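One structure is given here, and the rest of the page talks about it.
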Amino acid sequence: MPEGPSIVILREEVAGFTGQRIERAEGTAGLDKARLVGQTVRSFRSWGKQFLIELDEVSLRIHLLLFGSYRINERKDTVPRLSLGFANGGLNFYGCSVQFIEGSLDEAYDWSADVMSDAWDSRATLKKLRARPRLLACDALLDQTLFSGSGNIIKNEVLFRTRIHPLSLIGELPAAKLRELTREVRTYSFEFLQWKREGTLKAHWLAHTRTTCPRCGIPFVRAKSLGRSKRRSFYCERCQKRYGDSDEIAVEAPVAEA
Ligand SMILES: [Zn+2]
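Going by the working numbering, the sequence shown opens with residue 206, and the numbers climb by one from there.
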């Protein structure tokens, strides 16, 4: 699933269609595509993993889900969910969910929760985290109301960097550690963005899909499913400290290479 930084890259790639009028709208998405024709793109925005196209009278919310993809000025062999044609090219989305959003995007979204946004507010996130002391660290980093845009890669990398065990309880983290965790999600997300642009993201992974802890030289725990979010996790039992005593256990099973 594309995480927040990848959607920021999409936003940058389509910037040339800003101010352009939609001349053609088609695809298998079950919404009134005729409504889109004639509208002008006011802006491309993103909120976490959601890609937003702000038009004159309505906005489009596109979520690439697990296996969604897009093509700019070219098409795949399959029928797109949504295809938008402009005088200067076209935009095609596949395997995604497409919805209308009525009204102002500023009112529809909590921009302070978006880790890539200028409006990101770590204090607001800390307040939300403190209100949920029984939340597991691995679930907190996938909760889009706390860290919009954070996904499984960001989760594994940030927990490793901050030396926090994924089954730690948020309420048991010392205040400074909780601040460090919150800060690191944003810091790592911008490094992710830079490395993704350079094509070196995977080379920079310290924990995600790795077999050995680079700090301790011992094997990582490679859990197939962890926490309520049940996503795969890679972590070190020696250098990632487990805060608190959650009764969660890791489902340890061989995980496939990414
Ligand atoms: Zn280690």
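Just so you know, even glycine gets a beta-carbon here, dropped at the ideal spot from N, CA and C.
Every value quoted in this text rests on a predicted model; they were computed, and no experiment measured them.
- Closest by C-alpha distance to D323, out of P207, R437, G253, is G253.
- Residue environment: E218 is assigned as exposed (fewer than 16 neighbouring CB atoms within 10 Å of its CB, all protein chains considered).
- By alpha-carbon distance to Y393, the top candidate from I227, M321, Q244 is M321.
- For L260, the enclosing beta strand (DSSP E) begins and ends at 255-260.
- The C-alpha of P424 lies about 15 Å from the C-alpha of H370.
- Within the stretch 265-324, the complete alpha helix (DSSP H) segments at least 4 residues long are 310-313, listed from N- to C-terminus.
- When the alpha-carbon of D237 is set against those of E377, F249, S264, R247, the nearest one is in S264.
- In the structure shown, P424 falls within a strand segment according to DSSP collapsed to helix, strand and coil.
- DSSP places F397 in the uninterrupted alpha helix (DSSP H) bounded by 380-403.
- Contact annotation: A342 and S373 have beta-carbon atoms nearer than 8 Å.
- In this structure, ligand 1 has no non-hydrogen atom nearer than 7 Å to the beta-carbon of R427.
- About 7 Å separates the beta carbons of Y299 and Y275, which is inside the 8 Å limit, making them a contact pair.
- Per DSSP, the beta-bridge partners of T245 are R226.
- Comparing alpha-carbon positions, the option among H413, Q225, I375, V390 lying closest to P210 turns out to be V390.
- It is roughly 25 Å from the alpha-carbon of G295 to the alpha-carbon of G404.
- In this structure, the CA atom of W400 is about 25 Å from the CA atom of D344.
- In this structure, the C-beta of R443 approaches ligand 1 to less than 7 Å from one of its heavy atoms.
- Between A408 and C418, the alpha-carbon positions lie close to 15 Å from each other.
- By the neighbour-count definition (other C-beta atoms within 10 Å, threshold 16), D319 is a buried residue.
- Each of A412, R388, Q255, N293 was checked against the Cα of G221, and the nearest Cα belongs to N293.
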